[in-house]
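Right, one structure below, let's go through it.
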C-alpha cells in the first residue's frame, strides 16, 4: 500500500473553473484506476490558481493477477482454426489444454495475466487524464503549437509532480516530464536560488507548500477569506456583507489570501447602494460593509495574494484609487442620466432592436403598454379593475411606457444587471408616483423560481404584459424553444406569467391574452410593417393561417374564444398577418407543460391537470387550478377511487363499441322501448338528479360541490355493473344501455376527463 | 495610422500569422473616439499609449519575463499585489481570439496578456504571446499620481496635461460633435474600395492598412451616433471581411516561402 500524489502545475487557472476541474480530476483518476482494477482508499483533490492536485491514499502496489480461460475449437479441428485461436489468445499450441465438453474433447487456453505494478498503471493514466481533461476552453502554446495537434490545457501546463510512495512515477506528455519539483508562491518564494521545491511524498506535500506560502487546500483559503474579511470589517467597527460567491472566487485567485480593509470617499454614497455593491463585487471582487445602523459604509475589503512588506498599505492605497475611479464614473453616469427625463430616454428605444423579426424595443414598449391597459380594464379579472382616465389606468400606462427607458441610460449601459432598478431610481428622482417607480423597478420579476412575485397592481400588470408580449411574439414568429435550447428564456417567462396569475388570483382568459399582443401590434402600436414581414407565409402553405381565421375560431386548435371578443376586432385589419397554424395550440400546450412542472413542486398531480385541460375551453388558470385541487381531493377518497374504476369500466365498453361502428352518443335521447331493470332505473334516476347539480356547481365554480354531486353516482354505477348485462341479445336494450353509459361518462366529463387520470 | 489598439498593428496582426518566429516591441498610440471625456475624466482618454509586445512562439517563461519587466520599471511585487485574472480576448473584426488574463496591480488592470489562438480566422501555428501594457496607468502607479494629466512627462516640469489636455478637449468635441459625417461615410467607402483594389492586386500589407483605416472611420461614425444598431452589425461585418481578406491574402502570398523553410507547416 502506498499514497500517491499528483500535481499539475500551470499558469493561472480561472477561479470560476476550479471547482469543476477538481471534480473532473477526481472522476477521471478514479475511472482510470478502476479500468485497471485498482481502487484507492481516500481521494482528495485540491486547487490553487496555479495547480490542480490529487492525493490518493492506500493504493495497492500492483493490480491483481488474473487468470482467464478461453474455450477454443474441438480437438481435431483444422489447423487453421486452432492456430487462429492461439494467435488470438497469445499462446502457443503446446500450452493448450484439452477438456471434455459434453463428451467432446475441446481445446482451452489458460491466460495468466500477472499483476501490473501500480506505478506503471499510473504512468499511463496521467497522460490519459491530461488529454481527456474537459476544460470549458483550452489553448495551445509555445514551440509545440506549430501543430494544431499539440497538447491543450486551460493555460500552459508547466509541470507534473507524480509520486507513489516515495518513488517518482515517470511519465511525459508533450515535452512536460514528471518530477519531484514544484514551485512555491509566485512572489513570496521567488528568486533563482529558491524557485524549486522538492516534494518527498504525498504526506509532506501540503506542508512543504505551506512553508513556501502556498495553501493548497481551497477550503482553508476560503476559511481565511471568509473569517479574515469578517475580522477586517469588525476591526473597523463594521459588519461584513457576507458573500459566499466572492469568498470562493477570492480563494480561487490567491495562494496566500490576505483580506485588507480599505475605504472610499463618503460622497460616493449618493450613488445607489446596488451600484456601489455591483462595481465593487463584479469589477473588483471586493466585499462591502455596513455600519452599525445597517447603512452601507464607505469601505470595502479586498483580498491580496501576499503578506506585503509594508503590511498592505500600498496595496490598500492602490485599490482605493481604482475603486474611486470606478465610483467616480458611476457617479458621473448617475448624475448625467438624471439630466434627461425617462420620457426622453424612452424615445431612444426606437434605435434598439428587440429582435430582428420583432421590431425595436420602442415597438415592444408600445405593445406592452396597450396590453397592460387591456389587462387592467378587463372585466372580471378578479384582482383590480380600471378604466381609461382613472389613476390605476394612468399609472399602468405610464409605468409600461417608461419601463425600458433605463436601457439607454449610461448606468445600465455600464452595468446591464441594473436594468429596472435604475429606471426605478430615476423615476423616483423625477417625482413619479411610488406605484410607477416600483413597477419600473420590479417589472422583470419574478426572474426565476423562488424569486419574489410582485403583488402591486401596477407592477403586476406591466410585468404580465411584458412577458406575455415576449412569449406571443416569439411563438408567432416561429421561435419557440426546442429541446434544451431556450435562447429567449421563454420557459422562464411562462413560469413567471403562471406565478403572477396564480399568486394574485388574476382571472384572465389566457387564450385571448395570447392573441391580444398580436392585435396590439396591428392597432398602430409599433410598426405594422415589421409585423407584416415577420411571417410572409403563403396562404396556400398549410403551415400558416390568417390571424382572422384564428380569431373566429375556424382553425383554432381546441381553444375557444369568447364570443364577445370577436366583436371587438376589426377582422379586416388582420388579413395580412399570417401565423403558424398551430400557434395558439402550441403556446397553450407550452403553458400546460410549464404549469405541470410548477405545480408538481406544490404536490399537484400532473395527470389531474391534464384531465382538466383535456376538457378544452378552460383558459383561466386560477379556475383551472381550483378545479384540479378539488379533483385531487376527490380522487383520493374511496368514493373517488370507485367512481374512477366505474368510469374506466364504462369507458372501456364504450371504446369497444365505438370501434365496432356503434355510436352510443347518438342514441342517448332515445326513449326506452322496454322496462328497465332496477339497477338500470336507479342509474337513470341518479344521473337525472346529479347532472343539474354538477352543472350548477361548476357554473358557480363550486368544484367541491360538483365532486360531491358526482360521488352520488358511485353506488348506482357499481350496482349497474353488478346487475345489468350491457351486451344484451336484445339490440334495443344493448343500445339503450350503451347510451346510458355514454351519458354517465358525459356527466363525469363535466368535471374532468377521467380517462387522463392515472391509477 | 489611427487604430484602436496595438493588436491592430500589422506587426501584431499579420506577423501573428505563419510559422516564422517574431519578437517585437513598440509603443502604439491608440485612438478610441467614444472614450473621449473632453479631458474631464482623470483616467479615460480618446488617445493614449500602449506598449505592445509580441513574442512568437510564446516562450515558456513568458510570465516570468513579464513580471521581471514590472520589477525593472520599479514595481515591487512584495509591496504591490500582482495578479493574473481571467480575461479571454475575442475580436470579431479581426476574426481572432485568444486566452489569457488581465494583469492586476493592486486591483488596477495594467496589462492585457493573451495567447493568440486564431487570427483572421486562421489557427496560429505557432501561438504568439501578446503583452499590452497600459503606459499611462503604469506611469501613474510609479509616479503616485491620481490624475493622468498630472503625470510628469519629462522630469523637467512638463506634464502629460501640458501636452495632451487641449488635444483631448478638441478631439472629443470633433469626434462627438463636429466631424462631418458625409465625409466620414465617404472615407469609409473609399477605404473599403481601396482595400478591395489592393486585394485584387494581391498586396496584403496595403490592403490591411486600408482595413485599419476603415475600422477607425467606423469608430468615428459610431462616436457621431449616426450608425443605428441595425446598421452597426453590417458595418462591422464589412470591416471584418476586409481584415480577414487581408490576412488570407497575406497567408497566400507567403505560403510557398513558409513551406520551403518550414516543411511541416501548412495553413490549415
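Protein chains in written order, with the working numbering: chain W, 228 to 986; chain P, 12 to 279.
No residue lacks a Cβ here, since even glycine has one placed at the ideal position from N, Cα and C.
C-alpha gap between residue i and residue j, whole angstroms
i: residue 512 (chain W); j: residue 271 (chain W); result: 28 Å
i: residue 825 (chain W); j: residue 722 (chain W); result: 7 Å
i: residue 414 (chain W); j: residue 431 (chain W); result: 22 Å
i: residue 596 (chain W); j: residue 713 (chain W); result: 25 Å
i: residue 493 (chain W); j: residue 540 (chain W); result: 20 Å
i: residue 203 (chain P); j: residue 542 (chain W); result: 48 Å
i: residue 636 (chain W); j: residue 564 (chain W); result: 6 Å
i: residue 21 (chain P); j: residue 273 (chain W); result: 43 Å
i: residue 970 (chain W); j: residue 731 (chain W); result: 38 Å
i: residue 23 (chain P); j: residue 29 (chain P); result: 12 Å
i: residue 733 (chain W); j: residue 822 (chain W); result: 15 Å
i: residue 600 (chain W); j: residue 739 (chain W); result: 14 Å
i: residue 502 (chain W); j: residue 557 (chain W); result: 7 Å
i: residue 625 (chain W); j: residue 656 (chain W); result: 15 Å
i: residue 681 (chain W); j: residue 504 (chain W); result: 24 Å
i: residue 17 (chain P); j: residue 701 (chain W); result: 42 Å
i: residue 960 (chain W); j: residue 907 (chain W); result: 11 Å
i: residue 458 (chain W); j: residue 673 (chain W); result: 36 Å
i: residue 180 (chain P); j: residue 155 (chain P); result: 24 Å
i: residue 279 (chain P); j: residue 579 (chain W); result: 39 Å
Residue i - partner residues in DSSP beta bridges
i: residue 163 (chain P); result: P:170
i: residue 48 (chain P); result: DSSP lists no partner for residue 48 (chain P).
i: residue 34 (chain P); result: P:66
i: residue 126 (chain P); result: P:110 and P:140
i: residue 960 (chain W); result: Paired residues: none, contrary to the question.
i: residue 61 (chain P); result: P:39 and P:145
i: residue 671 (chain W); result: According to DSSP, residue 671 (chain W) bridges with nothing at all.
Supposed close pair residue i, residue j - CB separation, criterion 8 Å
i: residue 301 (chain P); j: residue 239 (chain P); result: As displayed, chain P neither begins before 12 nor continues past 279, which places residue 301 (chain P) out of reach and without an answer.
i: residue 335 (chain W); j: residue 298 (chain W); result: 6 Å
i: residue 93 (chain P); j: residue 78 (chain P); result: 7 Å
i: residue 280 (chain P); j: residue 123 (chain P); result: Since the first residue of chain P shown is 12 and the last is 279, residue 280 (chain P) is not available in this structure.
i: residue 666 (chain W); j: residue 689 (chain W); result: 5 Å
i: residue 396 (chain W); j: residue 353 (chain W); result: 7 Å
i: residue 870 (chain W); j: residue 965 (chain W); result: That pair is no contact at about 19 Å.
i: residue 82 (chain P); j: residue 100 (chain P); result: In fact, because the Cβ distance is near 25 Å, the residues do not count as touching under 8 Å.
i: residue 198 (chain W); j: residue 853 (chain W); result: Given that chain W is displayed from residue 228 to residue 986, the structure contains no residue 198 (chain W) and the question cannot be resolved.
Beta carbon of residue i nearer than 8 Å to that of residue j
i: residue 685 (chain W); j: residue 720 (chain W); result: no
i: residue 85 (chain P); j: residue 106 (chain P); result: no
i: residue 482 (chain W); j: residue 277 (chain W); result: yes
i: residue 33 (chain P); j: residue 65 (chain P); result: yes
i: residue 187 (chain W); j: residue 348 (chain W); result: What the structure shows of chain W is the stretch from 228 to 986, and residue 187 (chain W) is not part of that stretch, so it cannot be assessed.
i: residue 387 (chain W); j: residue 398 (chain W); result: yes
i: residue 623 (chain W); j: residue 603 (chain W); result: yes
i: residue 669 (chain W); j: residue 650 (chain W); result: no
i: residue 382 (chain W); j: residue 476 (chain W); result: no
i: residue 360 (chain W); j: residue 251 (chain W); result: yes
i: residue 320 (chain W); j: residue 301 (chain W); result: no
i: residue 374 (chain W); j: residue 401 (chain W); result: no
i: residue 914 (chain W); j: residue 974 (chain W); result: yes
i: residue 192 (chain P); j: residue 237 (chain P); result: yes
i: residue 253 (chain P); j: residue 195 (chain P); result: no
i: residue 424 (chain W); j: residue 410 (chain W); result: yes
Proximity test, residue i beta-carbon vs the ligand GDP heavy atom, cut-off 7 Å
i: residue 113 (chain P); result: This structure lacks the ligand GDP, and indeed carries no ligand of any kind.
Between the region 136-156 of chain P and the region 363-375 of chain W, can you find at least three pairs of beta-carbon atoms closer than 8 Å? Yes, they touch.
For the region 449-463 of chain W and the region 485-492 of chain W, state whether three or more C-beta atom pairs, one from each stretch, are separated by less than 8 Å. Yes, they touch.
Any chance the region 153-170 of chain P sits against the region 42-55 of chain P, with 3 or more Cβ pairs inside 8 Å? Touching, yes.
Between the region 946-959 of chain W and the region 897-913 of chain W, can you find at least three pairs of beta-carbon atoms closer than 8 Å? Verdict: yes, contact present.
At least 3 beta-carbon pairs within less than 8 Å: the region 213-222 of chain P vs the region 267-278 of chain P: A contact between stretches requires three or more CB pairs, one per stretch, nearer than 8 Å, and the region 213-222 of chain P fails this requirement with the region 267-278 of chain P.
Just checking, does the region 931-940 of chain W make contact with the region 852-861 of chain W on the three C-beta pairs under 8 Å criterion? Short answer: they touch.
Could you tell me whether the region 114-121 of chain P touches the region 542-554 of chain W, using the rule of 3 or more Cβ pairs below 8 Å? With the rule of 3 Cβ pairs closer than 8 Å, the region 114-121 of chain P counts as touching the region 542-554 of chain W.
Taking one C-beta from the region 446-453 of chain W and one from the region 567-578 of chain W each time, how about it: are there three or more such pairs within less than 8 Å? Contact between the region 446-453 of chain W and the region 567-578 of chain W is absent, because fewer than three Cβ pairs lie under 8 Å.
Specify whether the region 253-260 of chain P and the region 210-220 of chain P touch according to this definition: at least 3 beta carbon pairs, one from each stretch, less than 8 Å apart. Output reads yes: the region 210-220 of chain P touches the region 253-260 of chain P.
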